[in-house]
Each structure stands twice: as structure tokens, then as C-alpha cells.
DNA sequence: TTGTATGCGTTATCAG
DNA sequence: CTGATAACGCATACAA
């Protein structure tokens, strides 16, 4: 059953395709009488515009590509993708997703697909390699990096990790904690490419030290555990956080609070603590980062929320501005913020 | 920077567009000499086929639509979507996603978008309304229901919920549990439309009773809690499971095991149990369903895994068969299976 | 083995 | 106010 075309509608209404197009876009002059006839014909035939033909004609597909790290591994990515899609929808756009799984080669292939599909712009959450982004630039397709900067000169929307992390530290300090551990990403392992800004990892670790210093607490290297957030190959479980936490609990003077800078890491931490027969938050407090798994963990996790909705929405809007305006507007970093739940409490055993 | 066209490649190679097309699709006869010239021209110009133009010409967009309930709420949906996308990729296809959030009206609008984009087929995980699917059929676009059947006469790939659920029940019984509670979806609240098959909820509840009967255990209505899995409006937290579990724990003779037929429900159950100061699995065992949140919960959850990868992959393959063969092949129900982790143990306090 | 020509469904320009 | 007509980039039937 072939779908109706403009031509068929025109014939049925006894007008030309140009006239049908005019009533469809409600621009240009059309007499009310013919307009009614055309609208009747449209209804009668169940005509639906062909976006493919329009894309070819207008040299614009009303489609963007969204390159993601691994949508099934960290819920952060689904959320950003979802809200970008939602914003796109409201502007007549659809998005294509692609997961590079941390492999530069896959990222390149994904970008090639995007180019073939003639997407009007590409969002990266997160990019891997600058030379891949360059493929887009060569093709005249605007690119925008969300959250993490992997290539200089490519526009981006960053997150202010510092505000939220500082709130978390202040919160713990106010609860009387002084032995606060940090479980987070290792800048050297995670950061790629170059950037004029500090990496996400540097920001979070920096805020940890800043918070410590503000409270007059000396940093204890034993309390600082750096590594990967999760292994994509291992399916994204919290095993990394589990291992770090076990090591922390084995310390002669174990921490009374743990700041894990990813909910997945925090999930592993909670498992380790539980296994040791300790209770959160009575024996030890835990703060996460992202606000993804948080509500589903036991106990519900106090965590630093990332602005995932705004990241996605602003991401699309900015890309659209680049498509239409030719230039990509600057966007101020989006703030993170602490969300209080049930995994933090007044410090006990503080010596 | 406009992208190169076949025409430009042809001119550069001193041949016609037809010849370039021939070497591109490596069909038809092309002399080695011209083939080399054309390939050189392709490389030199950085030519990339225009999928939009091809789509118009071939009356095939190499794109499918995937209608989802709510991708950010239940990780089940991301996983199915991801694997369908992955399989699609391997066949030169891309997918468009759309979340209807449980609203029939949104589903209709999403389908209209799919039709305008001229997708070659649509996957539903899960459909809401049969009359919406009919829009596709009228447009000559194959539709396929995954996991849940909401419309008769529309092809589907189902999951055998019974096998896995029976394994779970047998597992609990073997551990000595006799007071086993069921926390799950209410067929009357969740099932929509009509189907020749029992609903997912009926299958799971049926297996519960079957497992009970096989062990010679009388079903206790107090142990059976039915409702929604989660509220999309409430952001998909495990609050439903939390409430049911609290009620179960208040019972004079509380259960020693809970079979929650969704990991989100189980997450809420774990929170309730924790809040009451009981330990899983020592004081009470918990089994979930889906294998989504399971690895990240505390303790890691024993759960009935759904075949999400196969559902997605088989979903796309079957849709492709429908696109190319005109008819949609039957697919046998995909099995679910129990995955053992750390939330189940030998029953204590069994009177 | 290669080239020519036509049309896929729109939109946009131009003339009437 | 309306209608012809020409692309958009590609694939294919048909000629040569």
C-alpha cells in the first residue's frame, strides 16, 4: 500500500502541487475556497508529508546524531539522550543514537554513518577522538561536546562539578565527619585529548580537597582511591567501587564517610559495606554522584545530581542554533547540586 | 561546505554517474582500469553516499522506528532498544526511538512521526493501542510487538515468563522456604487490549501458584500483593515494592521469601527490609525479575533474567524479514532464566 | 563494458 | 492568487 503523495492530493483537489504545498506550510496566498478543497483532499487521502523527499529537497534532514559512550552501562547517558530527543521532538527533529563503547574506531564508524544519513548536527556525550570530530567539520556538520571536553576548538556545554561536590563535602563536614574518603575517577586513566578546562575528574577531586581544607582537615592519601568508574566490558557493575571500599574498610582507621563520585561506584561501595556487616548511614555515610541509580539503592543515596535534562535540552537547542545560525553560541556551565536522601548521617566513632 | 555527490566523483573520474554507482555497489561489469580511476576519485573527494537521496530513490529509508514505553524509567527498555539498534547496525539500518510514556495519544503522535520519516518497519516494546498500530498497517508499514501483546493479528515475539519464574520458585522451595510472598503486576491494571495469550502478569502469577502447588504449599492470599510495577510519573522508583513489602513485613506471620516480579519492585523491597533492620538473605530472601538493576543492588539480586539481547536482535531480524519478504515469520517465545546472586539463602524461622 | 535518461516526492522560483 | 517547472542525489532500465 503506497503512501499518498502531494501530487495525488493536488489532483483530487483539482489544483497544482504548488498550491497544496502552500496550504500545507500555510504561507503564501491561498483563497479560502481552494484551501478548504485542499484540506478536504488531504483528509480524504490521509496524506502524510514524506520527510525523506523533503530532506533531499531542502538539503536538511531534520535529524541529528547523538554519539554516546555506552547507553546501557551508565544511566547517565540514557537520560541525556532522552532529554535531547525530547527537545528535538519539540522542534520537529529526530535523533539517531550511536554508542562507541569507548572505542575510537567505533566512534569513527558511527560518525561515518551520521554523515551518510546527512544529520544536521552531532552531539557528543562523550567524544573520544578529535580527529573523528574533524570528519564532521570537513563535512560542514556542526558538532557539540556535552559534559566532557575531548577536543579543543569544538564547542561544548560543560557541567560545573565543583558546586555540587563542594555542597557534598560541606554536608559531610557539618555532620561531623572528618575521616572522609574519596572514591573516584583517575584523571590520567579517563581524560583523553586536550582541553583548556580541568577535567571532570580534576574538578571533583579538587572540590574534595577544597572541602577538606575549608574544614581544616588534612588530606590523608590512604583515603583517596582513584581508578575507573566502571568497566564497559564488565557490563558496568559497581565492582570498582566495591574493591576500593573494601580496601578503605580494611584501613586501621577507617573513614566515617565515603564520597564516591559516580552512583555506580557508590552502589559497589554500599555492597561492600553491607557485606562487612556495617550499616549505612549509622556506621558510615556514603555520597554518590550523578543521581542515576540513587533512588533505587539501599538505602536511598544522597548524591550530587547532574543536570541531565538541561544538558540534553540545552545540547539540542545549541546544536539547532548552530544549524540555523551557522555559529554555535556559548553556553555557561550547568550547575550540579546535592540531593539529600538517606545514606548520610551524623558521624559516629569520630575518636 | 557542501558534500560531494556522485556526479562530482563521475566528472573527476571522467565517467558517468552510472559507472560510479556500479563500482560503489560492486555489481555489474566495470573494467579494472575505470574501477581504479573511480575509486581514486572517491578517495580524493571524500565522497559519502547520501542516504536521504538513496531513500527517496529506493523507496526505502533503511530506518526503523522503535516505540518504547519509557526508556529512562525501566532499564529493560534501554537494553532491548540497544540490542535492536545493534542488530540493525549490522544490517545497514538505523533506528528512531520514541517513548509514549504510557499515553495512547503520544503513541499516536510518535507513529505519525515514524510514518512521515518513512521508516521501513516499527517495533513496539510495548504497544498501547491497536488502533495506533492500524495506522501503520494502513500505510503499509510492518509492525512487530515485542514482549507484550496488545493487539491481535499483529505479529509478535513473546517471552516465556513461566520457565524462569518456575525456576525461581523451585529455587526458593529447595532453600526450604514455604512462606513465599508474591509482589507483582496486576493483570487488570496493566493488561491492555486483547490477546490470545495469557498476559505477562498472568504468566508470572500462574508460575508462582504452580510452584507453590508443586511443593504442596497452600497459597495464602495475604502473601499475594498485586499492583503497578512503577509509576512513570513518579520517575520509576521502587516505591510500589517498598509499600507492598512493608505490608508483608507487618503480617503476623511474615514471609521468609519474596518473589518480586520486577527488579524495580525488588529494589523497593530491599529498601523496606533494610529499614526494618532485617538482613537479606539471612532473615528474608528476595528474588527479582528482569535482571536490570540486579547487579547494582545490595545485596546483588537473584533474579529471573529476561532475554533482552535476543528480544532486541530477533526483533530487528524479524522486522527485516517482514520488510524484505513481505510477511512476518513466526518466532517462538524466548525463554527467561534464573540468575543466582546473593539475595537468597536457606530459610530460617520457618516455624 | 559504459553512458543516457527518467523519476522518487518535495520545495522554491518564476511567470501568469 | 495560482500553475509550470526545475532541481535535490541517487538508482536503474535501456541503449549503445
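Residue numbers (this note's numbering), protein chains in the order written: chain A, 2 to 352; chain B, 2 to 352.
Here a beta-carbon is modelled for each residue, glycine too, at the ideal position from N, C-alpha and C.
May I ask you to report which of helix, strand or coil DSSP gives residue i?
i: residue 325 of chain A; result: helix
i: residue 344 of chain B; result: coil
i: residue 349 of chain A; result: coil
i: residue 171 of chain A; result: helix
i: residue 213 of chain B; result: helix
i: residue 229 of chain B; result: coil
i: residue 125 of chain A; result: strand
i: residue 33 of chain A; result: helix
i: residue 220 of chain B; result: coil
i: residue 110 of chain B; result: helix
i: residue 289 of chain B; result: strand
i: residue 186 of chain B; result: strand
i: residue 318 of chain A; result: helix
I'd like to know whether the C-beta of residue i is nearer than 8 Å to at least one C-beta of chain A.
i: residue 1 of chain B; result: As shown, chain B starts at 2 and ends at 352. That puts residue 1 of chain B outside it, with no answer to give.
i: residue 351 of chain B; result: Low confidence applies here, because residue 351 of chain B scores a pLDDT of 49, under 50, leaving its location unreliable; read the following figure in that light. No, residue 351 of chain B does not count as interfacial toward chain A.
i: residue 219 of chain B; result: no
i: residue 102 of chain B; result: no
i: residue 97 of chain B; result: yes
i: residue 301 of chain B; result: yes
i: residue 56 of chain B; result: yes
i: residue 43 of chain B; result: no
i: residue 79 of chain B; result: yes
i: residue 47 of chain B; result: yes
i: residue 298 of chain B; result: yes
i: residue 50 of chain B; result: yes
i: residue 268 of chain B; result: yes
i: residue 314 of chain B; result: no
i: residue 53 of chain B; result: yes
i: residue 114 of chain B; result: yes
i: residue 67 of chain B; result: no
i: residue 229 of chain B; result: no
Short check: CB of residue i to CB of residue j, under 8 Å?
i: residue 249 of chain B; j: residue 256 of chain B; result: yes
i: residue 326 of chain B; j: residue 85 of chain B; result: no
i: residue 296 of chain B; j: residue 238 of chain A; result: yes
i: residue 336 of chain A; j: residue 308 of chain A; result: yes
i: residue 338 of chain B; j: residue 301 of chain B; result: no
i: residue 285 of chain B; j: residue 258 of chain B; result: yes
i: residue 162 of chain A; j: residue 205 of chain A; result: yes
i: residue 4 of chain B; j: residue 49 of chain B; result: yes
i: residue 13 of chain A; j: residue 42 of chain A; result: yes
i: residue 288 of chain A; j: residue 261 of chain A; result: yes
If you drop the 5 nearest sequence neighbours on each side, which residues of the same chain put their C-beta closer than 8 Å to that of residue i?
i: residue 142 of chain A; result: 115, 116, 120, 121, 122 and 123
i: residue 72 of chain A; result: 78, 79, 82, 98 and 100
i: residue 145 of chain A; result: 122, 123, 124, 125, 155, 156, 157, 158, 316, 319, 320, 323 and 329
i: residue 70 of chain A; result: 78, 100, 101, 102, 103, 126, 127 and 233
i: residue 160 of chain A; result: 148, 201, 307, 308, 312, 334, 335, 336 and 337
i: residue 349 of chain B; result: 257, 283 and 284
i: residue 9 of chain A; result: 46 and 48
Are the C-beta atoms of residue i and some chain B residue less than 8 Å apart?
i: residue 119 of chain A; result: yes
i: residue 181 of chain A; result: no
i: residue 6 of chain A; result: no
i: residue 62 of chain A; result: yes
i: residue 238 of chain A; result: yes
i: residue 73 of chain A; result: yes
i: residue 265 of chain A; result: yes
i: residue 88 of chain A; result: no
i: residue 139 of chain A; result: yes
i: residue 203 of chain A; result: no
i: residue 275 of chain A; result: yes
Go through its chain and collect everything with a Cβ distance to residue i's Cβ below 6 Å, but skip five positions before and after it.
i: residue 187 of chain B; result: 227 and 228
i: residue 293 of chain B; result: 76, 77 and 264
i: residue 63 of chain A; result: 93 and 94
For residue i, which residues from the same chain have a beta carbon less than 7 Å from its beta carbon, with the 5 sequence-adjacent residues on both sides left out?
i: residue 195 of chain A; result: 153
i: residue 352 of chain B; result: Bear in mind that a pLDDT of 46 at residue 352 of chain B, under 50, signals an unreliable position, so the model cannot answer this.
Pairs of beta-carbons, one from the stretch 178 to 188 of chain B and one from the stretch 210 to 227 of chain B, closer than 8 Å: are there three or more? Yes, the stretch 178 to 188 of chain B touches the stretch 210 to 227 of chain B.
So does the stretch 323 to 341 of chain B actually touch the stretch 152 to 159 of chain B, counting three or more Cβ pairs closer than 8 Å? The stretch 323 to 341 of chain B makes contact with the stretch 152 to 159 of chain B: 3 or more CB pairs, one atom from each, lie closer than 8 Å.
Does the stretch 39 to 47 of chain B come into contact with the stretch 4 to 13 of chain B, if we say contact requires no fewer than three beta-carbon pairs (one atom in each stretch) closer than 8 Å? These segments touch.
Answer yes if the stretch 51 to 66 of chain B comes into contact with the stretch 26 to 39 of chain B, meaning at least three C-beta pairs across the two stretches below 8 Å, and no otherwise. Taking one beta carbon from each stretch, the stretch 26 to 39 of chain B and the stretch 51 to 66 of chain B have fewer than 3 pairs nearer than 8 Å; the two do not touch.
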